[in-house]
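Asks:
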Ligand code: SAH
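Residue numbers (the numbering used here): 4 to 271.
(1) Helix, strand or coil: how does DSSP classify residue 190 here?
(2) Tell me, to the nearest whole angstrom, how far the beta carbon of residue 52 is from that of residue 24; I am working on the premise that it is less than 8 Å.
(3) Mind checking residue 32: buried by the 16 CB within 10 Å criterion, or exposed?
(4) How long is the line joining the alpha carbons of residue 87 and residue 206, rounded to whole angstroms?
(5) Measure the beta-carbon distance from residue 174 to residue 113 and round it to whole angstroms, keeping in mind my assumption that it falls under 8 Å.
(6) Going by beta carbon distance, what residues of the same chain come within less than 8 Å of residue 93, once the five residues before and after it are set aside?
(7) Identify the residues that DSSP records as bridge partners of residue 59: which are they?
(8) Figure out for me which residue from 56, 50, 168, 77 has the closest Cα to the Cα of residue 39.
(9) Apart from the five residues just before and just after residue 191, which ones in its own chain have a Cβ nearer than 7 Å to its Cβ?
(10) Would you decide whether residue 141 is buried or exposed? Buried here means 16 or more other CB atoms lie within 10 Å of its CB.
(11) Less than 8 Å between the CB atoms is what I'm expecting for residue 219 and residue 250, so what's the real figure, rounded?
(12) Please classify residue 214 as buried or exposed, where buried requires at least 16 other C-beta atoms within 10 Å of its C-beta.
(13) Any heavy atom of the ligand SAH closer than 7 Å to the Cβ of residue 153?
(14) Which of the three DSSP states is assigned to residue 254 in this structure?
(15) For residue 224, which residues does DSSP report across the bridge?
(16) Note down the Cα distance separating residue 253 from residue 267, rounded to an integer number of angstroms.
(17) Nearest-angstrom Cα distance between residue 99 and residue 105?
(18) For residue 118, count neighbouring Cβ atoms within 10 angstroms of its own Cβ and tell me buried if that reaches 16, exposed if not.
(19) Going by beta-carbon coordinates alone, are residue 34 and residue 165 separated by less than 8 Å?
(20) Could you tell me which residues DSSP pairs with residue 205 in its beta bridges?
(21) Could you check whether the Cβ of residue 50 sits closer than 7 Å to any heavy atom belonging to the ligand ZN?
(22) Under 8 Å by Cβ, that's how I've got residue 180 and residue 246 pegged, so tell me the actual separation to the nearest angstrom.
(23) Pull up the CB-CB distance for residue 79 and residue 234, whole angstroms please, since I reckon it's below 8 Å.
(24) Within the present structure, is the beta-carbon of residue 145 separated from the nearest heavy atom of the ligand SAH by less than 7 Å?
(25) Would you mind giving the Cβ-Cβ distance between residue 65 and residue 36, rounded to the nearest angstrom? I have them listed as a contact below 8 Å.
(26) Nearest-angstrom Cα distance between residue 189 and residue 248?
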């Protein structure tokens, strides 16, 4: 008998913790432990200060019984590589950003993540944490569709990286236990999506294409782009586009490209 222990749901396989540019191997080990005790195993590390951080003695020591999380973890060069197949990326940061998603507390985003995982067997969720010293950059925050902020004391709100991971993972585990106890609650909870939510890679591909097409038709001046793309990114990210919707918008861009090309052929 181990007190109030629980069995992690299968959908936790589709949840990953992403650490951006961590400096301290001990923190990475402590993150592995914070995840493992809550039944989460998928860890991704982006551009760590020590390339061999997963086998660094401090990481192994701090991971304690969660060494397997480290050995199975993946290292990526860029944030977008770690998010490629992800359908819901949650930035974890105390700071909101202009044009970024509005902050929500851990329990609200844990609920949303579990709902999306239940609604679509191909959904994948990432919780993205920033570097110890600088926190999440604006660029990295804007790659995410949601923002999780841990409510803290007004005068000091910066948690240690592994402690922030612990709070988020505990929130997920708590939400999973509650929906387990209340099942079959999933049946009458609204299905938020009819189709499959598009992956990070598909959405980023659309933003890049849209920007090119808008430049081509003269709507964006590349020398003075103003805040157009961040605004469009926020608008479209809010709607959590589905696979088919991304395809439609790319189709519109492709049609724009064709007309622009035809127009420039006519001129020559
Ligand atoms: N000096 C940095 C803090 C980084 S702490 C700053 O002031 O932004 C490392 C990471 O832990 C952060 O990037 C974030 O992912 C997470 N974190 C720490 N405190 C948090 C809080 N109150 N809410 C959400 N995330 C937090």
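For glycine and all other residues, C-beta sits at the position ideal for the given N, C-alpha and C. Note that this is a predicted model, so its numbers are computed, not measured.
Replies: Reading from the atomic positions:
(1) Reliability fails at residue 190, whose pLDDT of 45 lies under 50, so the model's placement of it is uncertain and the value that follows must be treated cautiously. Looking at residue 190 - three-state DSSP - the assignment turns out to be helix.
(2) 7 Å
(3) Around the CB of residue 32, 16 or more other CB atoms lie within 10 Å, so the residue is classed as buried.
(4) Those two C-alpha atoms are separated by around 10 Å.
(5) At roughly 4 Å, the Cβ-Cβ gap stays under 8 Å, so residue 174 and residue 113 are in contact.
(6) Cβ neighbours of residue 93 beyond the five flanking positions: 112, 116, 128, 129, 130, 131, 147, 148, 149, 150, 151.
(7) In the DSSP assignment, residue 59 is bridged to no other residue.
(8) The shortest CA-to-CA distance from residue 39 to any of 56, 50, 168, 77 is the one to 168.
(9) Residue confidence for residue 191 is low, a pLDDT of 46 falling below 50, so the modelled location carries little weight; the figure read from the coordinates is stated next. Result list for residue 191: empty, nothing under 7 Å.
(10) exposed
(11) Not quite, the Cβ-Cβ distance comes to about 20 Å (not below 8 Å), so this is no contact.
(12) buried
(13) yes
(14) helix
(15) 227
(16) 21 Å
(17) 7 Å
(18) Residue burial is scored here from C-beta neighbours: residue 118 has at least 16 other C-beta atoms within 10 angstroms and is therefore classed as buried.
(19) yes
(20) Paired residue(s): none; residue 205 is not in a bridge.
(21) Among the ligands in the structure shown, the ligand ZN does not appear; only the ligand SAH can be found there.
(22) Contact doesn't hold; Cβ gap of about 31 Å is too wide.
(23) With a Cβ gap of about 28 Å, residue 79 and residue 234 do not count as contacting.
(24) The answer is no for residue 145.
(25) 7 Å between Cβ atoms; contact.
(26) Bear in mind that a pLDDT of 47 at residue 189, under 50, signals an unreliable position, so the number given afterwards is only what the model happens to contain. About 26 Å.
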